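Only one structure is covered here, and it is reproduced in the block below.
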Amino acid sequence: MRFSSRRPLQPRDIGLILGYRCQAACAHCLYNCGPAWQEWIDPDEVRAALSAAKCAWGSGFQVHLTGGEPFLNYPLLLASTQIARNLDIPVYLETNAGWCRDLDLAEGRFHELREAGLGAVLVSVSPFHQEAIPLGRALEAISAARAVFGSGRVIVY
5 MRFSSRRPLQ PRDIGLILGY RCQAACAHCL YNCGPAWQEW IDPDEVRAAL
55 SAAKCAWGSG FQVHLTGGEP FLNYPLLLAS TQIARNLDIP VYLETNAGWC
105 RDLDLAEGRF HELREAGLGA VLVSVSPFHQ EAIPLGRALE AISAARAVFG
155 SGRVIVY
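When we follow our numbering, the leftmost residue of the sequence shown carries the number 5, and every step to the right adds one.
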């Protein structure tokens with residue numbers, strides 16, 4: 005496929021950073037995320053951003069909720085998922101799984117998120133994350149997500 009300067013690119017996936025707070029402070033992080041960050045996007049800002057994207061692009065795109073680590077503000081993650089669903093925008097999330105310490109809690113949260121409109125989960129098992137986040141947490145998150153979404157809707161990255 006060749007890119008033409010006469011035709012604009014057509015985005016199909018947008019990332020929405022809910023906040024920069026993260027358990028790790030990876031040297032490779034493009035966004036300078038880490039534990040010192042406290043601020044989070046407001047649900048009204050989520051709605052405004054997704055509404056603007058829908059106005060500009062119509063349908064045919066999806067959003068992935070990310071951060072930092074979006075599970076560190078679970079109420080915002082849940083609300084953001086519901087906002088995307090209410091706007092008929094397919095939504096998935098990206099997590100480093102540092103929050104995942106309990107399989108039952110993880111499955112419960114994934115069930116709530118699925119009911120709120122979440123379509124898939126991307127679990128990062130980056131070697132950079134593994135410096136700060138035990139691999140066992142990522143494996144627990146993958147197991148819990150697969151139990152709720154099925155293996156076809158869980159991306160291990």
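We put the beta carbon where it would ideally sit given N, CA and C, even for glycine.
Because the structure is a prediction, the values reported are computed rather than measured.
DSSP-derived helix/strand/coil call for Ala29
Looking at Ala29 - three-state DSSP - the assignment turns out to be coil, as it is neither helix nor strand.
Given this structure, state the Cα-to-Cα distance separating Gly131 from Arg89, to the nearest angstrom.
Residue identity differs from the one stated: residue 131 is Pro in this sequence, not Gly. Rounded to whole angstroms, the gap between the alpha carbons of Pro131 and Arg89 is 32 Å.
Check the Cβ-Cβ distances between Trp103 and every residue of chain C, and say whether any is below 8 Å.
Structure shown: chain C not included; a single protein chain is present.
Among Leu81, Ile45 and Ala56, which has the Cα closest to the Cα of Leu91?
For Leu91, the nearest C-alpha among the options comes from Ala56.
Would you mind working out which of Ala40, Ala29, Leu22 and Leu109 sits nearest Leu54, comparing C-alpha positions?
The residue with the shortest Cα to Cα distance from Leu54 is Leu22.
If you drop the 5 nearest sequence neighbours on each side, which residues of the same chain put their C-beta closer than 6 Å to that of Pro39?
Excluding sequence positions up to five before and after Pro39, its CB lies less than 6 Å from no other CB in the same chain.
With 16 other Cβ atoms within 10 Å as the buried cut-off, status of Leu109
Result: exposed.
Ordered along the chain, which non-local residues of its own chain (more than five positions away) have a Cβ less than 7 Å from that of Glu43?
Same-chain partners within the cutoff: Gly23.
Tell me which residues share the same chain as Cys104 and place their Cβ nearer than 6 Å to its Cβ, disregarding the 5 neighbours each side in the sequence.
Answer for Cys104: Ala110, Arg141, Glu144 and Ala145, listed in chain order.
Does the pairing of the stretch 72-91 with the stretch 116-128 give three or more beta-carbon distances under 8 Å?
In short, these stretches touch, since the Cβ pair count reaches three.
Among Gln134, Arg150 and Ala151, nearest to Ala29 - alpha-carbon criterion:
Of the candidates Gln134, Arg150 and Ala151, the residue whose Cα lies closest to the Cα of Ala29 is Gln134.
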